[in-house]
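In the working numbering, the protein residues as written are 45 to 342.
Even for Gly, the Cβ is constructed at its ideal location relative to N, Cα and C.
Note that the coordinates shown come from a computational prediction; the quantities given were computed from them, not determined experimentally.
As structure tokens, the structure follows; a few thoughts come after it.
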């Protein structure tokens with residue numbers, strides 16, 4: 045039974061696809077996908093994608109063309125998965141002390157959809173190599189696709205497009221500043237005292253015009269505030285909106301100022317947290333790739 049080329053191709057392709065999907069499930073401070081239920085859901089979806097992908101090439105070779113129609117069906121199903129992920133994350137976002145923002149949520153949903161396609165494609169290659177050649181060929185393709193998937197799951201972070209440093213938090217009367225960037229007016233003296241006691245300021249300086257345009261995105265700034273608050277904790281509850289972390293833009297230079305009142309007052313770890321915030325795909329801008337953008341930056 046196991047000597048059947050079709051069965052070998054299917055088993056090898058499915059195993060490779062599920063392994064690759066598991067390697068891309070990153071459970072970190074964001075706690076999504078949650079363990080173990082979220083992991084089980086994504087691995088089950090990966091199994092379905094891997095089965096469909098692994099049988100595609102053997103089915104074509106055997107002229108079983110109706111089996112290939114499952115590829116189109118799977119694509120439609122994975123789009124539905126993306127919609128469900130978006131809806132669920134949006135509902136969860138409404139009860140966060142610091143919202144991720146619509147762009148962050150859309151990015152996560154898009155990633156989960158795309159990774160199902162990546163699993164399907166990897167299983168297709170592995171299953172095809174095993175069926176045409178043998179298991180050894182399939183294992184070689186597994187190693188290649190595993191390496192490629194590892195490269196694809198990463199992306200740029202804020203530390204790659206900007207210089208992040210500490211900024212001085214101070215007041216001019218009731219007005220809160222980080223360096224020369226104005227944030228808000230705080231009229232209650234006890235709150236101003238708490239800011240002077242606990243608040244940390246950060247300055248994010250874009251390295252070029254592309255980074256300046258990216259950091260201008262409100263969605264990107266919401267992502268920075270959310271991740272920083274998730275890692276360092278936040279001196280805030282549902283009825284203390286004045287302690288919400290804020291990011292404001294210096295209109296003259298494009299610099300971004302951030303003020304946060306964390307539970308853990310440690311500027312070193314705050315700077316590290318900001319550096320590692322992902323650059324959102326929907327927020328990324330590249331005006332320097334255009335002729336007008338390059339001329340304007342001169």
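Backbone secondary structure at residue i - three-state DSSP
{"i": "residue 52", "result": "helix"}
{"i": "residue 75", "result": "Interpretation of residue 75 is limited by its pLDDT of 48, a score under 50 that renders its predicted location unreliable; no figure is taken from the coordinates."}
{"i": "residue 148", "result": "helix"}
{"i": "residue 307", "result": "coil"}
{"i": "residue 329", "result": "coil"}
{"i": "residue 212", "result": "coil"}
{"i": "residue 267", "result": "helix"}
{"i": "residue 322", "result": "strand"}
{"i": "residue 126", "result": "helix"}
{"i": "residue 59", "result": "helix"}
{"i": "residue 230", "result": "coil"}
{"i": "residue 135", "result": "helix"}
Beta-carbon proximity of residue i to residue j, cut-off 8 Å
{"i": "residue 249", "j": "residue 206", "result": "yes"}
{"i": "residue 303", "j": "residue 243", "result": "yes"}
{"i": "residue 240", "j": "residue 228", "result": "no"}
{"i": "residue 101", "j": "residue 115", "result": "no"}
{"i": "residue 171", "j": "residue 212", "result": "no"}
{"i": "residue 301", "j": "residue 294", "result": "yes"}
Alpha-carbon spacing of residue i relative to residue j, whole angstroms
{"i": "residue 152", "j": "residue 94", "result": "21 Å"}
{"i": "residue 247", "j": "residue 257", "result": "16 Å"}
{"i": "residue 75", "j": "residue 263", "result": "The pLDDT assigned to residue 75 is 48, lower than 50, so where the model puts this residue is not dependable; a value taken from the coordinates is nonetheless given after this. If I take the Cα positions, the gap works out to 20 Å."}
{"i": "residue 60", "j": "residue 253", "result": "41 Å"}
{"i": "residue 175", "j": "residue 154", "result": "32 Å"}
{"i": "residue 103", "j": "residue 285", "result": "59 Å"}
{"i": "residue 194", "j": "residue 179", "result": "22 Å"}
{"i": "residue 143", "j": "residue 58", "result": "37 Å"}
{"i": "residue 164", "j": "residue 192", "result": "14 Å"}
Delimiting residues of the alpha helix (DSSP H) encompassing residue i
{"i": "residue 182", "result": "179-196"}
{"i": "residue 239", "result": "233-242"}
{"i": "residue 291", "result": "Element bounds for residue 291: not the alpha helix (DSSP H) but the beta strand (DSSP E), 290-293."}
{"i": "residue 99", "result": "81-105"}
Closer than 7 Å: residue i CB and nearest the ligand ATP heavy atom
{"i": "residue 234", "result": "The ligand ATP is not part of the structure shown, which contains no ligands of any sort."}
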